[in-house]
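Enquirer: If you're matching positions, the sequence shown starts at 16 in this note's numbering and goes up one per residue.
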Amino acid sequence: MSGHRLGEYIDRLGKESLLAERQTGSFPNDREVKHLSFDSRDVSEGTLFVCKGAHFREDFLRSAVEGGAFCYLSETEYPDVKAPCILVSDIRKSMAILANFHYDDPWSRIPVIGITGTKGKSSTAYFVKSVLDCYMEKTGGKETGVVSSIETYDGIERFESHLTTPEPIDLERHFSNALEEGLSFMTMEVSSQALKYDRVLGVRFAAGAFLNIDYDHISPIEHPDWEDYFASKLELFRQCEKAVVNLDSDHIDRVLEAAKAAGSLITFSERDESADYFGFNVRKDGRDTVFCVRSAGAETEYRLGVPGLFNVSNALAAIAICSAFSVPQDCIYMGLLKARVPGRMEMYSSADGKIVSIVDYAHNRLSFEKLFESVRQEYPERRVVIVFGCPGKKALDRRHDLGQIAGMRADHVFITEEDPGEEDVNEICAQIASSVEEQGCPYTILTDRGEAIRAAVGSSDVPAVILITGKGAETREKRGTEYIPVPSDVEYVTEALREYDSSCGLKTE
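1. Kindly give me the distance between the Cβ atoms of Ser138 and Asn326, rounded to whole angstroms, as I take these residues to be in contact under 8 angstroms.
2. Assuming Asp300 is part of the beta strand (DSSP E), what are its boundary residues?
3. Would you check if there are 3 or more beta carbon pairs closer than 8 angstroms linking the stretch 434-452 to the stretch 404-413?
4. Of the residues Tyr168, Val371 and Val356, which one's Cα is nearest the Cα of Met362?
5. Taking Cβ to Cβ, would you say Thr431 is nearer than 8 angstroms to Arg464?
6. Looking at C-alpha atoms only, which residue of Glu187, Ile106 and Phe283 is the closest neighbour of Ala330?
7. Mind reading off the beta-carbon distance from Asp287 to Ser310? Whole number of angstroms is fine, and I expect it under 8 angstroms.
8. Could you give the first and the last residue of the continuous beta strand (DSSP E) run that contains Asp303?
9. Less than 7 angstroms between C-beta atoms, sequence neighbours within five positions excluded: which residues of the same chain meet that for Gly156?
10. Between which two residues does the alpha helix (DSSP H) containing Asn531 stretch?
11. Need the endpoints of the beta strand (DSSP E) that His427 sits in, please.
12. Distance, Cα to Cα, Asp504 vs Lys486?
13. What is the rounded straight-line gap between the Cα of Gln208 and the Cα of Asp240?
14. Taking the alpha-carbon positions, what's the Asp54 to Ser109 distance?
15. Lys257 and Thr131: beta carbons closer than 8 angstroms?
16. For Ser104, which option in Tyr93, Pro343, Leu88 and His117 has the closest C-alpha, if you only look at C-alpha atoms?
17. Run through the stretch 95-134 for me and flag every whole beta strand (DSSP E) of 3 or more residues, listed as ranges in chain order.
18. Strictly by DSSP, which residues pair up with Met362?
19. Under the assumption that Glu492 contacts Ile499 (Cβ atoms under 8 angstroms), give the Cβ distance between them as a whole number of angstroms.
20. Would you call the stretch 343-355 in contact with the stretch 223-243, where contact means no fewer than 3 C-beta pairs closer than 8 angstroms?
21. For Ser89, list the residues DSSP reports as bridge partners.
22. Using DSSP with H/G/I as helix, E/B as strand and the rest coil, what is Ala69?
23. Taking Arg214 and Leu186 to be in contact with their CB atoms under 8 angstroms, please state how far apart those CB atoms are, rounded to whole angstroms.
24. With burial defined as no fewer than 16 other Cβ atoms inside 10 Å of the residue's Cβ, what is the status of Pro8: buried or exposed?
25. Closest to Tyr376 by CA distance: which of Ser389, Arg359 and Phe387 is it?
26. On the criterion of 16 or more Cβ atoms from any shown chain inside 10 Å, does Ala313 qualify as buried, or is it exposed?
27. How is His50 classed by DSSP in three states: helix, strand or coil?
28. Need the endpoints of the alpha helix (DSSP H) that Tyr24 sits in, please.
29. Alpha carbon to alpha carbon, how far is Phe64 from Arg46? Give it in angstroms, no decimals.
30. Please classify His177: does DSSP put it in a helix, a strand, or coil?
31. What are the start and end residues of the alpha helix (DSSP H) that includes Glu510?
32. Compute the Euclidean distance between the alpha carbons of Gly135 and Gly320, then round it to the nearest angstrom.
33. To the nearest angstrom, how far is it from the Cα of Gly40 to the Cα of Cys66?
34. Grab me the residues of Gly217's own chain with a C-beta within less than 7 angstroms of its C-beta, minus the 5 sequence neighbours each way, in chain order.
35. Using CA coordinates, which residue listed in Arg27, Gln454 and Asn441 is at the minimum distance from Leu461?
36. Mapping the DSSP letters down to three states, classify Cys456 as helix, strand or coil.
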């Protein structure tokens with residue numbers, strides 16, 4: 016990161032035709048921009064402050080100026096604030112361009128792997144990371160970085176994530192940190208929102224993977240319709256050197272056409288033998304999933320320690336991606352065997368094995384269908400109970416879709432809180448319940464998530480699988496505009512199972 020002057024930032028915006036026609040006041044063009052921020056709590060002397068967000072207030076800008084911001088970037092001028100304003104026509108695009116400039120395009124000096132899809136982004140990212148970490152261990156390198164909906168790690172910072180893909184200033188900082196710490200790879204999830212709203216604008220991915228597409232994220236504040244959602248996903252190919260594509264995806268002809276924008280194409284599949292990486296002979300071996308891959312005429316067997324037959328597709332994506340970077344086959348094998356995804360298909364059992372609980376992030380139609388399909392296949396004789404909710408003010412169709420699928424596939428549904436945000440949690444639950452009820456499935460509404468999980472665990476007097484979806488290992492619940500600390504689903508279910516074991520007089524180690 017170099018010490019650019021304010022005038023250089025303004026020139027960069029001018030070259031991109033982002034400066035508004037009306038610019039008032041004078042600018043200290045020779046002053047160094049020491050920090051770039053859109054958070055008034057993250058301001059120091061020499062900061063160029065970005066005014067963005069649906070909840071932005073003039074008070075935030077005042078606080079930033081008091082904290083050391085000497086100039087601000089905005090679509091709206093605030094005359095009562097004593098600091099020069101750079102007026103722009105598009106704040107999101109402007110922020111992304113300046114973030115790249117401020118951090119000197121760090122992604123150009125470290126391979127960044129981008130993964131998009133309706134389902135499987137997190138799992139695939141962690142499979143890739145596990146393989147690359149094995150490779151680094153073998154070659155004396157450092158743990159690789161990850162930016163996901165679960166966790167962010169860049170060599171300096173490690174924390175639980177709130178967004179699937181961060182805002183561009185944060186994202187470029189993570190790339191810069193990784194470069195500074197000598198990391199060899201960064202793997203990240205790329206959401207449709209990130210592609211639509213310019214969070215990854217300017218980033219060039221060394222490889223970009225497209226996993227699948229299904230109807231999701233349709234709402235007034237996300238994507239107005241299916242076409243907008245799908246088109247946003249496909250934008251990834253315009254920014255990557257290598258395109259890695261799942262031939263089993265719906266609308267594959269259109270996906271492959273869009274992938275022509277990338278430098279080269281690598282394919283994987285469980286159905287199309289012409290794929291560069293073809294997976295077959297999938298089978299269970301205890302809790303492991305074993306499968307074979309045919310590539311370039313050779314066949315190799317792999318083993319996944321993560322449950323869920325649907326994860327074979329994610330593993331194939333990881334194999335294709337890592338092979339593109341010439342990672343040795345033994346590192347790929349060990350990486351997949353060791354791979355674990357926090358909050359993804361994590362299994363916990365009662366002492367007598369009567370209750371098997373699975374904690375998973377499944378939160379949309381495609382992931383629900385795959386989860387139920389896998390559970391019914393692996394536990395055909397067991398009762399299936401599910402605990403879930405839906406978030407506020409986003410992906411509104413999920414309330415019907417998930418309620419309908421759960422009502423069709425489960426024996427009992429517990430509906431609960433899941434990041435209601437600024438919406439009434441009881442109203443969200445009622446909307447889900449109406450779709451469950453249409454399927455004739457019994458349901459219970461318990462807005463307290465811990466109580467819902469406890470009730471689900473204690474609800475069966477026959478062998479059962481309890482699915483707890485949507486939150487995984489997250490330790491915050493969005494209520495209003497705040498994120499409130501709460502126990503994770505893993506903590507909730509392990510405590511509920513201890514209570515179950517105790518009530519049954521079962522001994523635990």
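All C-beta atoms in this analysis are idealised placements derived from N, C-alpha and C, irrespective of residue type, glycine included. Predicted, not measured: the structure shown is a model, and the values here were computed from it.
Expert: Let me spell this out:
1. Going by Cβ atoms, the distance from Ser138 to Asn326 rounds to 6 angstroms, so yes, they are a contact pair.
2. From DSSP, the beta strand (DSSP E) with Asp300 extends over Tyr292 to Asp300.
3. The answer is yes - the stretch 404-413 touches the stretch 434-452, with three or more Cβ pairs under 8 angstroms.
4. Met362 has its Cα closest to that of Val371, out of Tyr168, Val371 and Val356.
5. Thr431 is a Cβ neighbour of Arg464, given a cutoff of 8 angstroms.
6. Comparing Cα-Cα distances from Ala330 to each of Glu187, Ile106 and Phe283, the minimum goes to Phe283.
7. So it is not a contact: roughly 13 angstroms between Cβ atoms.
8. Looking at the DSSP string, the run of the beta strand (DSSP E) that includes Asp303 is Asp303 to Ser310.
9. Here the set comprises Ser199.
10. No information on residue 531 is available, as it lies outside the stretch 16 to 524 that the chain covers here.
11. That run of the beta strand (DSSP E) goes His427 to Ile430.
12. Each residue's CA atom was taken as its position, placing Asp504 and Lys486 some 7 angstroms apart.
13. The C-alpha of Asp240 is placed about 13 angstroms away from the C-alpha of Gln208.
14. Distance between the alpha carbons of Asp54 and Ser109 is about 16 angstroms.
15. For Lys257 and Thr131, no; Cβs fall outside 8 angstroms.
16. Comparing Cα-Cα distances from Ser104 to each of Tyr93, Pro343, Leu88 and His117, the minimum goes to Leu88.
17. Qualifying beta strand (DSSP E) stretches, in chain order: 100-102 and 127-131.
18. Met362 is bridged to Ile373.
19. Here Glu492 really is in contact with Ile499; their C-beta atoms are around 5 angstroms apart, less than 8 angstroms.
20. Cβ pair count under 8 angstroms is below three, so no.
21. Its beta-bridge partners are Leu102.
22. Shown here, Ala69 sits in coil according to DSSP, grouped into three states, outside any helix or strand.
23. Contact between Arg214 and Leu186 holds: CB atoms are separated by about 6 angstroms, below the 8 angstroms threshold.
24. Missing from the structure shown is residue 8; the chain here goes from 16 to 524 and no further.
25. Cα-wise, what sits closest to Tyr376 is Arg359.
26. Exposed, since its Cβ has fewer than 16 Cβ neighbours within 10 Å.
27. Residue state, collapsed to three classes: strand.
28. Boundaries of the alpha helix (DSSP H) harbouring Tyr24: Leu21 to Lys30, taken from the DSSP string.
29. Taking the straight line from one Cα to the other gives about 14 angstroms.
30. In the structure shown, the three-state DSSP call for His177 is coil.
31. Run containing Glu510: Asp504 to Ser518, per the alpha helix (DSSP H) assignment.
32. Gly135 and Gly320: Cα-Cα distance of roughly 16 angstroms.
33. Taking the straight line from one Cα to the other gives about 18 angstroms.
34. For Gly217, where only same-chain residues beyond five positions count, the Cβ hits under 7 angstroms are Ala111, Ile112 and Asn115.
35. Ranking Arg27, Gln454 and Asn441 by Cα distance to Leu461 puts Asn441 first.
36. Three-state DSSP puts Cys456 in coil, outside helix and strand.
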